[in-house]
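Residue numbers (this note's numbering): 333 to 540.
1) In this structure, does DSSP put residue 484 in helix, strand or coil?
2) Residue ranges of each alpha helix (DSSP H) run of no fewer than 4 residues wholly in the segment 430-475, ordered along the chain?
3) At what residues does the alpha helix (DSSP H) containing residue 386 begin and finish?
4) To the nearest angstrom, how far is the alpha carbon of residue 432 from that of residue 510?
5) In chain order, what residues of the same chain lie with their CB nearer than 8 Å to the CB of residue 518, ignoring the 5 residues before and after it?
6) Determine which residues share a DSSP beta bridge with residue 531 and list them.
7) By the three-class DSSP mapping on this structure, what secondary structure does residue 368 have?
8) Name the two residues that bound the continuous alpha helix (DSSP H) containing residue 406.
9) For residue 482, count the other beta carbons within 10 Å of its own beta carbon; 16 or more makes it buried, fewer makes it exposed. Which is it?
10) Can you give the Cα-Cα distance for residue 450 and residue 533, rounded to whole angstroms?
11) CB residue 522 to CB residue 428, shorter than 8 Å?
12) Take residue 370 and list the residues in its own chain whose beta-carbon comes closer than 6 Å to its own, dropping the five residues that flank it on each side.
13) Short of 7 Å in beta carbon distance, which residues of its chain neighbour residue 365, apart from the five on each side in sequence? Order them along the chain.
14) Taking the alpha carbon of residue 392 as the reference point, which residue from 422, 379, 407 and 353 has its own alpha carbon closest?
15) Please report the residue range of the alpha helix (DSSP H) in which residue 498 lies.
16) Let me know the secondary structure DSSP gives residue 524 once reduced to three states.
17) By DSSP, does residue 512 sit in helix, in strand, or in coil?
18) Would you kindly check if the distance between the Cβ of residue 414 and the Cβ of residue 430 is under 8 Å?
19) Thinking C-alpha only, which one of 376, 377 and 441 is nearest residue 407?
20) My assumption, with CB atoms under 8 Å, is that residue 405 sits in contact with residue 434. Please give the rounded CB distance.
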């Protein structure tokens, strides 16, 4: 008599995918996409190479999946949170602080979004760029609202939005978990710098 096959819980597959994406993203951040191998990913998550291919086919598709995973994090933890805030000052604070904390918590998939777009196919690259554009427009629209309210300094909102993104994305290049500042403290310091250069009354905004 054959034993019934053990079924895997539905919730385990997305969790396993997230584990694979996190491991692969760390390898990419450490040594670059071109140097990453599927064997390394398999070893990092305790699976066989064949097991990895059950979830994803090939390096390029893996990179695309990781970037979508990183954008999903931004959608959920940054845009999703900040979009619930009506006040533009508080929304800008939520955007910057939430994104900074995402980086300091070790979200390597978000970091991969910065440097590795060239590894995608043209169609994949277009989709990721479109998703990134939604986030950029969200930041710029918030700055435009601040300008209409007379709370923004005389700065170009497009340049300001790119500057905010550049400041946030660069955190992964210099932040160290064993440094003297915690993730929350890093986020607070980035807020001070960003708001100080853009808002007419940055201290008032931070106290709210």
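Quick reminder that beta carbons are idealized off the backbone N, C-alpha and C, glycines included.
Since the model is a prediction, treat every value here as computed from it, not as a measurement.
So, from the listed chains and residues:
1) To locate residue 484, count along the chain shown from 1; it is residue 152. It is a strand residue.
2) 440-447
3) Numbered from its first residue, the chain shown carries residue 386 at position 54. 381-387 is the extent of the alpha helix (DSSP H) around residue 386.
4) Taking the chain shown and counting its residues from 1, the one referred to as residue 432 is at position 100. Taking the chain shown and counting its residues from 1, the one referred to as residue 510 is at position 178. Between residue 432 and residue 510, the C-alpha separation is close to 17 Å.
5) What you label residue 518 is simply residue 186 of the chain shown in a count that begins at 1. Closer than 8 Å at the Cβ level, and outside the excluded window around residue 518, lie 432, 436, 503 and 507.
6) In the chain shown, the residue the question calls residue 531 occupies position 199. Partner(s): 484.
7) Here residue 368 refers to the residue found at position 36 when the chain shown is read from its first residue. Here residue 368 sits in coil by DSSP.
8) The count along the chain shown starts at 1 and reaches residue 406 at position 74. Element bounds for residue 406: 390-406.
9) If you number the chain shown from 1, residue 482 lands on position 150. Per the 10 Å Cβ criterion, exposed.
10) Taking the chain shown and counting its residues from 1, the one referred to as residue 450 is at position 118. Taking the chain shown and counting its residues from 1, the one referred to as residue 533 is at position 201. So the alpha carbons of these two residues sit roughly 40 Å apart.
11) Reading the chain shown from its first residue, position 190 is the one you call residue 522. Reading the chain shown from its first residue, position 96 is the one you call residue 428. Their beta carbons are under 8 Å apart, which means residue 522 touches residue 428 by this criterion.
12) Within the chain shown, the letter at position 38 stands for residue 370. Cβ within range, chain order: 381 and 384.
13) Working through the chain shown from its first residue, we reach residue 365 at position 33. These residues qualify, in order along the chain: 395, 448 and 451.
14) Start at 1 with the first residue of the chain shown, and residue 392 comes out as number 60. Looking at the Cα atoms, 353 is the closest of the given residues.
15) Against the chain shown, residue 498 aligns to sequence position 166. Residue 498 -> alpha helix (DSSP H) spans 489-506.
16) Within the chain shown, numbered from 1, the residue matching residue 524 stands at position 192. DSSP places residue 524 in helix when its eight states are reduced to three.
17) Mapped onto the chain shown, residue 512 falls at position 180. Of the three classes helix, strand and coil, the one that applies to residue 512 here is coil, per DSSP.
18) By one-based count along the chain shown, residue 430 stands at place 98. By one-based count along the chain shown, residue 414 stands at place 82. Closer than 8 Å, so yes.
19) Mapped onto the chain shown, residue 407 falls at position 75. Of the candidates 376, 377 and 441, the one whose C-alpha sits nearest the C-alpha of residue 407 is 441.
20) Here residue 405 refers to the residue found at position 73 of the chain shown. Here residue 434 refers to the residue found at position 102 of the chain shown. Right, their Cβ atoms sit about 6 Å apart.
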